[in-house]
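Encoded as structure tokens, the structure appears first; notes follow it.
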Ligand code: ATP
Ligand code: MG
Ligand code: MG
Ligand code: MG
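Residue numbers (my numbering): 345 to 910.
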């Protein structure tokens, strides 16, 4: 089947020599410079022609593998009524992360950050019997989250493309099967994309539920930290490791009275008080009060020295739970819920009957970066005592085999959860069971950051010259460069057409008045796997074939080059 031939003389493509001023990560710089994406507003991106092709390639691989496990594609709205999210409690819980709006009649709506509620309602409407199960539904859809720090280009957008899927089963065993199917599909997807990834155990975060694993792509630009055992197969998000490592006694400390003034309760002070090593990874902090865990990590801020904690901690990023909750019901350990979330945590903490009146909690910094002490329900709080801290550091023993753990940075590219019956309970999702009685449905939810995967791939594969795509994802298979005037351009176009006719996707740089040097630089920057140069040898029918990754070049007759590439 003939493939697409893109001629740059007829394409909208503008590459940039310089990095955008605000770009910190490699993928952000290169995707902008090579003309794949352009920033429209903070965390909001336009996908230009080359970028759109790469994005579509990722979506295609995801769709093929989802279809292969029997999942059915649907498309739900992104503009959502608030009621289902109120019913599940997430309308509140999401805090400022949720984009909220009103229609002309004043009805409140939200832009979907993830769709458990709506999928549950769809299945309740469509399925009535165990015979309808299992059901796996998925969509590739634009999601909205008002992220506190939309940095790093498309790695963390406020509008981004996600594949989200949801499984519905009538028993725990069948849920485990749906989960296993997803795990296998994700493995195939990330392998086909050419991503280096690890599967790590994770705590369930804001979704609720029990079993959960993350797919992490190791990269310096990543915002996640994971612990990896060099000896056995143990790998875990550091949030999860803390639950498995033994507690390190904080120290016999006097009450934290000195922290109990409006200006002093910085986390630096707290960390120093607790003798937490300054090198400790922020996310691994787990604080107990009177034997009860009241704070678990600081999701969203990774690899920040505890010494800098005061600077980075925003209220939403501390989670309060009781020890009992944490140990027996990990689903209660919620993740990041938005910059105003701490108040909700505090309220939950306060509402816990086990919290004695007069118990207090000192927050870190609020959104404006000011340190705040909590005053909720008209009460002021004082910290009694922080007893224990668990910190995961490189070299800590692996919970499985005792070998020293490694800590690495990574990008979260996928996340799979066994949700259980949380949403089915909320919406009363029952179907007729095998015994003729109604049975409550159990669910899983599974996400892949499609747009984020593009950036993660760029992070992992780029080199000094530019992007360097794996074949399946690249916007073309071959980039034909006409390095010369009319004769070269003519031959380049002819070669491009022949390759296209043979099913090879081609980009032909047939631009006039652009120097060969600029064309070569652009070809390296754009990152198509094979570069075919039509230059000086053209009159003799010779071309040069260059492998983008290895840089290896060979000169060969044009027909032979075409043969090699088809
Ligand atoms: P993160 O920890 O990076 O904030 P998350 O845990 O909040 O991600 P999930 O709710 O698990 O994200 O969503 C499923 C997937 O969607 C993630 O694994 C990630 O690949 C992607 N994703 C989440 N937030 C964003 C974002 N702001 N921009 C791009 N992709 C995202
Ligand atoms: Mg998030
Ligand atoms: Mg996460
Ligand atoms: Mg996640």
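C-beta: ideal position from N, C-alpha, C; glycine also.
The three-state reading of DSSP puts residue 408 in helix, counting H, G and I together. Short of 7 Å from the beta carbon of residue 804, and not among the five residues preceding or following it, lie these beta carbons of its own chain, in chain order: 539, 540, 561 and 563. DSSP places residue 428 within a helical segment (H, G or I) once states are collapsed to three.
DSSP, reduced to helix, strand and coil, places residue 795 within a helical segment of the structure shown. The alpha-carbon separation between residue 833 and residue 493 amounts to approximately 46 Å. Counted as a single uninterrupted DSSP element, the alpha helix (DSSP H) harbouring residue 905 occupies residues 902-909. When the five nearest sequence neighbours on each side are left out, the beta carbons in the same chain lying within less than 6 Å of the beta carbon of residue 866 are those of 359, in order along the chain. With fewer than 16 other beta carbons inside 10 angstroms of its own, residue 423 counts as exposed. Minimum Cα-Cα distance from residue 385 among the listed residues 472, 469, 889 and 498 corresponds to 498.
Only residues of its own chain outside the window of five on either side were considered, and among them 575 and 576 have a CB closer than 6 Å to the CB of residue 745, listed in chain order. Between residue 569 and residue 751, the CB-CB gap stays under 7 Å.
Annotation for residue 458: no beta strand (DSSP E) segment contains it, and DSSP assigns it neither H nor E. If you check the C-beta of residue 526 against ligand 4, you find no heavy atom less than 6 Å away. In this structure, the CA atom of residue 394 is about 40 Å from the CA atom of residue 430. Bounds of the beta strand (DSSP E) holding residue 556 are 556-562. If you check the C-beta of residue 849 against ligand 1, you find no heavy atom less than 6 Å away. If the five residues before and after residue 910 are omitted, its C-beta is found closer than 8 Å to the C-beta atoms of 843, 846, 847 and 848, all from its own chain and listed in chain order. Under DSSP, residue 479 takes part in a beta bridge, and its partners are 512. An exposed status is given to residue 862, since fewer than 16 other beta-carbon atoms sit within 10 Å of its beta-carbon.
The region 788-807 and the region 514-531 touch, with three or more beta-carbon pairs separated by less than 8 Å. The three-state reading of DSSP puts residue 790 in strand, counting E and B together. Here DSSP, grouped into helix, strand and coil, assigns residue 385 to strand.
By the Cβ criterion, the region 757-767 is in contact with the region 526-535, since at least three pairs of Cβ atoms, one from each stretch, lie closer than 8 Å. Here the alpha carbons of residue 391 and residue 503 stand approximately 12 Å from one another. Within its own chain, the residues whose Cβ lies closer than 6 Å to the Cβ of residue 357, once the five positions on either side in sequence are excluded, are 379, listed in chain order.
Taking the Cβ of residue 459 as the reference point, every heavy atom of ligand 4 lies at 6 Å or farther away. Looking at the DSSP output, residue 748 sits in a beta bridge with 741. Excluding its 5 nearest sequence neighbours in each direction, residue 372 has C-beta neighbours in its own chain below 6 Å: 496 and 497, listed in chain order. At a Cβ-Cβ threshold of 7 Å, residue 557 and residue 571 do not count as neighbours.
In this structure, the beta-carbon distance from residue 437 to residue 446 does not fall below 7 Å. Using a Cβ distance threshold of 7 Å, residue 741 and residue 815 do not count as a contacting pair. At a Cβ-Cβ threshold of 7 Å, residue 827 and residue 870 do not count as neighbours.
With a contact defined as Cβ atoms closer than 8 Å, residue 824 and residue 839 qualify at about 6 Å.
In the three-state scheme derived from DSSP, where H, G and I count as helix and E and B as strand, residue 897 is classed as strand. Spatial neighbours of residue 435 in its own chain (CB-CB distance under 6 Å, excluding positions within 5 residues in sequence) are listed in chain order as 426 and 429.
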